Amino acid sequence: EVMPTLDMALFDWTDYEDLKPEV
Amino acid sequence: ADPCHDEGGAPRGCVPGLVNAALGREVLASSTCGRPATRSCDASDPRRAHPATLLTSAAGTANPLCWRSDLLHRAPLNVTLTVPLGKAFELVFVSLRFCSAPPASAALLKSQDHGRSWTPLGFFSSHCGPDYGRLPVSDDGPAGPGPEALCFPAPQAQPDGGGLLAFSVQDGSPPGLDLDSSPVLQDWVTATDIRILLTRPAILGDTRDSEAPVPYFYSATELQVGGRCKCNGHASRCLLDTQGHLICDCQHGTEGPDCGRCKPFYCDRPWQRATVREAHACLACSCNGHARRCRFNMELYRLSGRRSGGVCLNCRHNTAGRHCHYCREGFYRDPGRALSDRRACRACDCHPVGAAGKTCNQTTGQCPCKDGVTGLTCNRCAPGFQQSRSPVAPCVKTP
Chain A
7 EVMPTLDMAL
17 FDWTDYEDLK
27 PEV
Chain B
8 ADPCHDEGGA
18 PRGCVPGLVN
28 AALGREVLAS
38 STCGRPATRS
48 CDASDPRRAH
58 PATLLTSAAG
68 TANPLCWRSD
78 LLHRAPLNVT
88 LTVPLGKAFE
98 LVFVSLRFCS
108 APPASAALLK
118 SQDHGRSWTP
128 LGFFSSHCGP
138 DYGRLPVSDD
148 GPAGPGPEAL
158 CFPAPQAQPD
168 GGGLLAFSVQ
178 DGSPPGLDLD
188 SSPVLQDWVT
198 ATDIRILLTR
208 PAILGDTRDS
218 EAPVPYFYSA
228 TELQVGGRCK
238 CNGHASRCLL
248 DTQGHLICDC
258 QHGTEGPDCG
268 RCKPFYCDRP
278 WQRATVREAH
288 ACLACSCNGH
298 ARRCRFNMEL
308 YRLSGRRSGG
318 VCLNCRHNTA
328 GRHCHYCREG
338 FYRDPGRALS
348 DRRACRACDC
358 HPVGAAGKTC
368 NQTTGQCPCK
378 DGVTGLTCNR
388 CAPGFQQSRS
398 PVAPCVKTP
């Protein structure tokens, strides 16, 4: 089974703004 | 045929041919006749001039034109002839043919630093003690283990009125010394300049000169400095560079006027003079094509069994290591490309959320994945997991 790649748009960065990667 | 490489292209020791290193060189004479002009010598008249250039212009003619010193009326009667050779040569012999009676006393000196300092090669006198404070040379040659400046008999006057001062480097050297293996002998034969000091005339005047002047003078032609352009076994010829300086045509990864050092990238082992048996070529550093510079490390050289001491500097193309032989942090080896390929190292490209770090396994490229994450770059959830909204735990077990 090939899983889909992680969708960055689904992540909620509210509590992790400092971890958010630069796009 | 390449004297510096064998048929298979392997380096081998090579030396330039034996030449008269003085030929065409300017001779500096401390005294030359003709200024002011006399009946027999006029520096401003080419037909009656006796300049020092005659000592080193084409020689060997039956009726040689001779350099002549000024008339020397009283002591000191010293006259110096100096020949800068332009670069270091390895001497074999020095000779000076006299047109008048040879001197009763003379000294031969050499410089190894283009005339800044001088050391004697030999003395020539029938009075070695009074003239030079030395014993006359014995049949046994030098008393010590190394070469030394000995005092030889003064050159004999020939029936034609002239004479020959001749010196061979072997004359001052103990038998059995080998140039390849004796640094002392190598030093002994090395010279950048030659100087002949004529310190006492033998007789009055020049027997060829119709004037038969009473005062002393020296007259000579054909100053020869037999030797080989010094290239330390790494060149078979010397050339003029763009500035007109004589330099070795260096091979074996060497450079410098005398091939006396390794070229910048050829420092995998220390420079050595080539011998008949071993070329001792400077070796290029092994950097897999990813570096242009390297440095030599003696400790690594010793640890390698004196095989390799080069350390590559500024490895490019995301490589690292002494030989640029592995990938720097954040990159991994692409197994489909050669190590020398510019793209041999690929970026890890670890997923910014799925991976626990940015550094992957340098061999496999596998990034460190968070729990429940899989894939080379940790960009997918593992089977049985699904994506969450939390960037801290991007994959959670499927309910």
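Residue numbers (the numbering used here), protein chains in the order written: chain A, 7 to 29; chain B, 8 to 406.
We put the CB at the ideal spot given by N, CA and C, even for glycine.
For clarity, every value in this text was computed on a predicted model and none was experimentally measured.
Considering just the uninterrupted stretch of the beta strand (DSSP E) at V318 (chain B), what are its terminal residues? Taking the first residue of the second sequence as position 1, residue 318 (chain B) is located at position 311. Element bounds for V318 (chain B): 317–320.
Could you give the distance in angstroms between the alpha-carbon of G260 (chain B) and the alpha-carbon of R276 (chain B)? Reading the second sequence from its first residue, position 253 is the one you call residue 260 (chain B). Reading the second sequence from its first residue, position 269 is the one you call residue 276 (chain B). Going from the Cα of G260 (chain B) to the Cα of R276 (chain B) covers about 11 Å.
Contact check, R104 (chain B) vs A227 (chain B) under 8 Å by CB: the rounded distance? For the purposes of this step, residue 104 (chain B) is identified with residue 97 of the second sequence, where counting begins at 1. For the purposes of this step, residue 227 (chain B) is identified with residue 220 of the second sequence, where counting begins at 1. The Cβ separation is near 6 Å, so the contact holds.
Strictly by DSSP, which residues pair up with S118 (chain B)? For this step, residue 118 (chain B) is matched to residue 111 along the second sequence. Note: S118 (chain B) sits in a beta bridge opposite B:D200.
Just checking my contact of V99 (chain B) with V176 (chain B) at CB under 8 Å: how many whole Å lie between their CB atoms? For the purposes of this step, residue 99 (chain B) is taken as residue 92 along the second sequence, with counting starting at 1. For the purposes of this step, residue 176 (chain B) is taken as residue 169 along the second sequence, with counting starting at 1. That belief holds up - the Cβ atoms of V99 (chain B) and V176 (chain B) are roughly 6 Å apart, short of 8 Å.
Could you round the C-beta distance between D200 (chain B) and L92 (chain B) to whole angstroms and report it? I think they count as a contact, below 8 Å. Walking along the second sequence from the start, residue 200 (chain B) turns up at place 193. Walking along the second sequence from the start, residue 92 (chain B) turns up at place 85. At roughly 6 Å, the Cβ-Cβ gap stays under 8 Å, so D200 (chain B) and L92 (chain B) are in contact.
My output table needs one value for L307 (chain B): the three-state DSSP class, helix, strand or coil. Looking up residue 307 (chain B) in the second sequence gives position 300. In this structure, L307 (chain B) counts as helix in the three-state DSSP scheme.
Among residues of its own chain, excluding the 5 on either side of L142 (chain B), which ones have a beta-carbon nearer than 8 Å to its beta-carbon? To locate residue 142 (chain B), count along the second sequence from 1; it is residue 135. Within the same chain, L142 (chain B) has close Cβ partners C135, G136, C158.
With a threshold of 7 Å on Cβ separation, who are the neighbours of E28 (chain A) within its own chain once the five nearest residues in sequence on each side are excluded? Sequence index remark: in the first sequence, residue 28 (chain A) carries index 22 (1-based). Excluding positions up to five away in sequence, the list is empty.
Looking only at its own chain, which residues have a Cβ that is under 8 Å from the Cβ of D120 (chain B), when we skip the five neighbours before and after it? What you label residue 120 (chain B) is simply residue 113 of the second sequence in a count that begins at 1. Cβ within range, chain order: T199.
Within 10 angstroms of its Cβ, does D265 (chain B) collect 16 or more other Cβ (buried), or is it exposed? The residue given as residue 265 (chain B) occupies position 258 in the second sequence. D265 (chain B) should be labelled buried.
Collapsed DSSP secondary structure at A36 (chain B) in the structure displayed: The residue you call residue 36 (chain B) lines up with position 29 of the second sequence. Correct three-state label for A36 (chain B): strand.
Inspect the beta-carbon positions of G169 (chain B) and C106 (chain B) and report whether they are closer than 8 Å. Residue mapping note: residue 169 (chain B) aligns to position 162 of the second sequence, counting from 1. Residue mapping note: residue 106 (chain B) aligns to position 99 of the second sequence, counting from 1. Yes, the pair counts as a contact, with Cβ atoms nearer than the cut-off.
Proximal chain E residues relative to H12 (chain B), where beta-carbon distance stays under 8 Å: Chain labels in this structure do not include chain E; the protein chains are A and B.
Taking the straight line between their C-alpha atoms, what separation do you get for D13 (chain B) and G20 (chain B)? For this step, residue 13 (chain B) is matched to residue 6 along the second sequence. For this step, residue 20 (chain B) is matched to residue 13 along the second sequence. Roughly 10 Å between the two C-alpha positions.
The ligand HEM heavy atoms versus the CB of E14 (chain B): any closer than 7 Å? For the ligand HEM, the structure offers nothing, since it holds no ligand at all.
Once the 5 residues before and after E218 (chain B) are set aside, which same chain residues still bring their CB inside 7 Å of it? Residue numbering aside, residue 218 (chain B) sits at position 211 when the second sequence is read from its first letter. Confidence at E218 (chain B) is low in this model, with a pLDDT of 45, below 50, so the placement of that residue should be treated as unreliable; the coordinate-derived value is given next. Correct list, in chain order: R46, S47.
Taking 8 Å as the CB-CB limit, is C376 (chain B) close to chain A? As a working note, residue 376 (chain B) is residue 369 in the second sequence. Output row for C376 (chain B): interface = no.
To which residues does DSSP link G267 (chain B) through a beta bridge? Within the second sequence, the letter at position 260 stands for residue 267 (chain B). For G267 (chain B), which the question treats as bridged, DSSP gives no partner whatsoever.
Could you check whether the stretch 351–363 of chain B touches the stretch 389–405 of chain B, counting it as contact only if at least three pairs of C-beta atoms, one from each stretch, sit closer than 8 Å? yes
Please list, in chain order, all residues of the same chain as H297 (chain B) whose beta carbon is under 6 Å from its beta carbon, the five residues on each side excluded. Sequence index remark: in the second sequence, residue 297 (chain B) carries index 290 (1-based). These residues qualify, in order along the chain: C322, R323, H324, T326, C331.
Give the list of continuous beta strand (DSSP E) stretches no shorter than 3 residues that lie fully inside the stretch 239–299 of chain B. 245–247, 253–255
Please decide whether D18 (chain A) counts as near chain B, where near means a Cβ-Cβ distance under 8 Å. Numbered from its first residue, the first sequence carries residue 18 (chain A) at position 12. By this cut-off, D18 (chain A) is an interface position.
Is the stretch 374–393 of chain B touching the stretch 8–15 of chain A, taking contact as three or more C-beta pairs under 8 Å? yes
So, with DSSP's three-state summary, where would you put L142 (chain B)? Working through the second sequence from its first residue, we reach residue 142 (chain B) at position 135. If DSSP states are grouped into helix, strand and coil, L142 (chain B) belongs with coil.
For S2 (chain B), the nearest candidate out of B:T405, B:R235, B:P208 (CA to CA): With chain B represented from 8 up to 406, any question about residue 2 (chain B) goes unanswered, as that position is not in the structure.
Three-state secondary structure (DSSP) of E23 (chain A): Position 17 of the first sequence, counting from 1, holds the residue named residue 23 (chain A). Here E23 (chain A) sits in helix by DSSP.
What first and last residue would you give for the beta strand (DSSP E) that runs through N325 (chain B)? Start at 1 with the first residue of the second sequence, and residue 325 (chain B) comes out as number 318. Counting along the chain, N325 (chain B) falls outside any beta strand (DSSP E), and DSSP gives it neither H nor E.
Quick check on the burial criterion: 16 or more other C-beta atoms within 10 angstroms. Buried or exposed for Q165 (chain B)? As a working mapping, residue 165 (chain B) is identified with position 158 in the second sequence. Classification for Q165 (chain B): exposed.
Apply the 10 Å Cβ neighbour rule to K237 (chain B) and answer buried if 16 or more other Cβ atoms are within range, or exposed otherwise. The count along the second sequence starts at 1 and reaches residue 237 (chain B) at position 230. Counting Cβ neighbours within 10 Å, K237 (chain B) comes out buried, since at least 16 surround it.
Can you give the beta carbon distance from G153 (chain B) to V191 (chain B), rounded, assuming they're within the 8 Å contact cut? Counting from one through the second sequence, the residue named residue 153 (chain B) turns up at place 146. Counting from one through the second sequence, the residue named residue 191 (chain B) turns up at place 184. Sure, about 5 Å apart at Cβ, within 8 Å.
Keeping to the same chain, check which residues put their C-beta closer than 8 Å to that of P406 (chain B); ignore five residues upstream and five downstream. As a position in the second sequence, residue 406 (chain B) is number 399, starting the count at 1. Cβ neighbours of P406 (chain B) beyond the five flanking positions: none.
Could you tell me which residues DSSP puts in a beta bridge with L103 (chain B)? Here the question's residue 103 (chain B) lines up with position 96 in the second sequence. L103 (chain B) is bridged to B:L172, B:L230.
Who are the neighbours of D13 (chain A) on chain B, taking C-beta pairs under 8 Å? For the purposes of this step, residue 13 (chain A) is identified with residue 7 of the first sequence, where counting begins at 1. What D13 (chain A) touches in chain B: Q394.
Using a threshold of 8 Å, state whether the C-beta atoms of N304 (chain B) and G312 (chain B) are closer than that. The residue labelled residue 304 (chain B) in the question sits at position 297 within the second sequence. The residue labelled residue 312 (chain B) in the question sits at position 305 within the second sequence. No.
From what residue to what residue does the beta strand (DSSP E) around T126 (chain B) run? Taking the first residue of the second sequence as 1, we reach residue 126 (chain B) at position 119. Start and end: 126–132.
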